Amino acid sequence: MAADIKKLRASSGPAGRKYGGTAASFVLLTALGLFMVFPIYLTVVMAIKPVEELFVFPPKLYAVRPTLDNFRDMFAAVRQNRVPFSRYVFNSVFVTVSVTAAQCVFASMAAFVLAKCRFPGCRIINGVIVTSLLYQSSVIYIMQYMVMTKLNIIDSPLALILPAAASPMGVFLMRQSISQIPDAMLDAAKVDGAGLFRICWQIVIPNQKPALMTLMIFAFQAAWNIQGGGVIFREQYKTLPAAVAQVSSSGMARAGVAMAAAVFMLVPPVIVFILAQRYVIETMAHSGIKE
Amino acid sequence: MKKKAGLKRTFREIRKNKACYAMLAPFMILFVLFTVIPVVMSLPIGFTDFDMVQKPEFVGLSNFRTLFLSDKVFISSIRVTIVFALLTGPVSYVLCFLLAWFIDGMPKRLKTFFTLIFYIPSLASVYTVWQLIFSGDMNGYLNAFLIDLGIINSPVQWLTDGRYVLAVTIIVQLWISLGAGFLAIRAGFQNIDPALYEAGAIEGIRNRWQELIYIVIPSMVPQLMFAAVMQIVGSFTAGTVAQNLVGFPSTENKAHTIMTHAYDYGWVRYEMGYASAICMILFVVMFVLNRLISKGLKKIQGD
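Residue numbers (the working numbering), protein chains in the order written: chain A, 176 to 466; chain B, 5 to 307.
Now the structure itself:
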């Protein structure tokens with residue numbers, strides 16, 4: 176990263192952008208960034224502090240004798256359940272992968288059609304999707320529960336996957352991005368005789384990596400945190416967040432364990448985030464959209 | 005006659021666009037089942053008396069009358085929500101955009117790094133740690149720090165003193181508010197064709213501010229619309245942050261938002277009809293606001 180910082184002074188970035196101010200924005204980003212990271216840093220510190228260090232005055236910004244005891248306690252507590260730890264991991268991975276894949280595939284196709292095709296009902300569907308994002312009501316969960324009862328999927332993995340598989344937010348995000356693709360590009364493909372399905376997957380979506388990867392981050396994050404309270408009762412179908420929540424919800428006495436759980440649960444989303452963001456940034460170099 | 009012909013044409017259009025409907029189907033089926041049907045089913049609940057045990061009983065506009073005429077906490081929650089939304093919504097919206105823009109000027113590896121730094125609060129959303137920072141005893145990080153500097157002599161009750169409750173909640177809300185909107189705008193920057201900047205330079209754009217106004221903002225309107233919806237929802241339906249941080253109910257209801265009020269009636273008192281009515285009022289406000297913002301943004305795009 177040192178090389179990157181050196182490059183700042185010479186002002187980097189793509190061709191045609193030679194204006195100054197990069198160093199100034201670097202300073203500003205760093206200052207604000209410290210404020211953003213500080214609580215996360217404290218969380219990590221609390222997770223590796225031994226119990227006797229948690230309540231000393233003055234509170235320290237680092238652990239004097241760092242330990243993994245909190246993590247050990249967390250795993251020990253989860254292991255007391257009837258179901259082995261690996262089962263929770265499997266459930267969570269299964270739910271997360273299916274939800275993320277379904278969201279990305281379904282939202283991409285729907286967004287492409289809604290952004291680029293004109294057909295009866297198109298405008299209404301677009302309106303309903305955005306409006307549904309604005310409608311927040313606690314009663315919805317009750318109604319969702321009633322629908323799930325009718326479908327007979329309560330207390331099965333489908334109760335976790337199906338409601339999360341269609342994301343109006345994801346469609347809205349993808350549609351906004353796809354609407355920026357010039358129609359001329361699609362017309363050329365149509366002349367070549369490509370069907371809608373092929374245009375979507377071979378031309379549009381490969382051009383939409385930034386939006387698609389962003390959607391993947393949202394989907395993964397949401398799916399990874401699904402607890403399934405109220406719709407899953409059998410221990411063997413419970414997910415990792417549900418198991419971890421049982422451990423860490425016992426007040427300040429368990430503050431360290433709660434922090435360890437938070438840190439542990441944060442690792443996979445952060446890895447996915449970094450991998451996806453690298454794709455997002457790569458796109459710039461060879462985007463071929465031209466009017 | 006005319007109507008019949010119109011219907012016939014519609015049918016022909018539908019048949020012609022079979023492929024469109026087929027590609028929409030997987031999303032639409034799930035969306036209708038788990039979002040549209042529950043929403044439609046929940047709409048009438050606001051006009052009923054419903055305790056989740058007995059069947060909802062129709063009471064007309066009585067819930068709304070009580071809300072506006074005799075529920076003093078609701079009136080105060082409107083004020084709290086407006087102050088809260090005005091202070092967090094626009095600030096966070098502008099921050100989302102400006103930070104994404106600053107990050108866009110960074111070298112590649114720093115881009116990923118800074119994007120992660122600003123998004124990580126949304127990824128982690130740990131409130132417990134803020135409780136330790138603002139804790140009212142000397143063990144609170146902020147108190148210990150200020151005592152150390154000699155600014156204060158005795159610990160301040162950040163989380164329970166009516167004077168600070170709202171401010172503390174706003175700070176934490178801002179901290180987690182660089183979420184979906186921010187990432188969408190970041191992705192939007194990658195969609196801008198580099199050739200546009202070159203063309204701009206030729207046409208006499210001299211500095212980054214001109215670049216921002218003439219190139220960046222006009223080509224970012226779709227992402228800005230998305231971010232607007234996210235910010236409206238985020239700032240108007242905030243409540244969980246306050247409930248986790250300054251407790252529920254908060255001191256003198258200083259951090260009692262409309263959403264907290266709905267939570268109170270829905271999940272504490274089991275008066276779901278009343279809670280629904282509260283949510284409907286909030287929905288109307290957000291809907292109108294979103295209409296206004298999209299109209300404004302469309303104008304920018306049109307220019």
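From the three backbone atoms N, C-alpha and C, an ideal C-beta is built for every residue, glycine too. Since we're looking at a predicted model, the values are computed, not measured.
Return helix, strand or coil for residue i, following the three-state DSSP convention.
i	result
B:E275	coil
A:T414	coil
B:E61	strand
B:D197	coil
A:Y242	Inspection of the sequence shows that residue 242 of chain A is occupied by Thr rather than by Tyr. Three-state DSSP puts A:T242 in coil, outside helix and strand.
B:T52	strand
B:Y25	helix
B:H265	helix
B:W162	coil
A:M349	helix
A:C375	helix
B:K303	helix
A:N400	coil
A:P189	Per-residue confidence for A:P189 stands at a pLDDT of 46, beneath the threshold of 50, marking its modelled position as unreliable; no derived number is given.
B:D108	helix
A:K465	In this prediction, A:K465 has a pLDDT of 45, which is less than 50 and means its spatial position is unreliable; what the coordinates show is noted afterwards. Note: A:K465 maps to coil in three-state DSSP.
B:Y131	coil
B:G238	helix
Can you list, in chain order, the residues of its chain whose CB lies under 7 Å from that of residue i, leaving out five sequence neighbours each side?
i	result
B:I156	L150
B:M284	G50
B:A89	S239 and F240
B:F62	F51 and T52
A:F281	A340 and A341
B:G270	M276 and A279
A:A238	V220, I223, K224 and E228
B:T173	V245, A246, L249, V250 and A259
B:A104	F186, I189, R190 and F193
Taking only the alpha-carbon atoms, compute the straight-line gap between residue i and residue j and give it to the nearest angstrom.
i	j	result
B:S46	B:L153	54 Å
B:N21	A:F294	6 Å
B:D75	B:S81	10 Å
B:L37	B:G243	27 Å
A:V212	B:T164	25 Å
B:E193	A:V455	This sequence places Phe at residue 193 of chain B; Glu is not what is there. Cα to Cα, B:F193 sits roughly 10 Å from A:V455.
A:V268	A:A276	12 Å
B:F106	A:A420	37 Å
A:Y316	A:I401	14 Å
A:V305	B:L296	14 Å
A:F372	B:M27	8 Å
B:V130	B:V225	32 Å
B:L73	B:T261	18 Å
B:F78	B:T132	28 Å
Here's the rule I'm using: 16 or more other beta-carbon atoms within 10 Å means buried, otherwise exposed. How should residue i be labelled?
i	result
A:R184	Note that A:R184 has pLDDT 42, beneath the 50 cutoff, so the model's placement of it is unreliable and the number below is only indicative. Flag for A:R184 reads exposed.
A:L348	buried
A:N327	exposed
A:Q351	buried
B:R13	exposed
A:E228	buried
B:V98	exposed
B:W213	exposed
B:D268	buried
A:E466	Because A:E466 carries a pLDDT of 39, less than 50, the predicted location of this residue cannot be relied on, and no value is offered for it.
A:T205	exposed
A:T414	buried
A:M318	buried
A:F408	exposed
A:V422	buried
Just to confirm, are residue i and residue j a CB contact at a threshold of 8 Å?
i	j	result
A:P444	B:L127	yes
A:S307	A:P343	yes
B:S181	B:T92	yes
A:Q452	B:L114	no
B:V237	A:Q255	no
B:G144	B:P125	no
A:P214	B:W134	yes
A:Y263	A:A418	yes
A:V406	A:D330	yes
Below 6 Å CB to CB, which residues in the same chain sit around residue i once its five sequence neighbours on both sides are set aside?
i	result
B:V169	V250, S254, T255, K258 and A259
A:A435	A222, N245, F246 and M249
B:S298	M229
A:F448	I392
A:S354	A290
B:M56	Y274 and M276
Among the residues of its own chain, which have a CB less than 8 Å from the CB of residue i, if the five just before and after it don't count?
i	result
A:T242	I223, K224 and P225
A:G403	A334, L335, Y412, K413, T414 and A417
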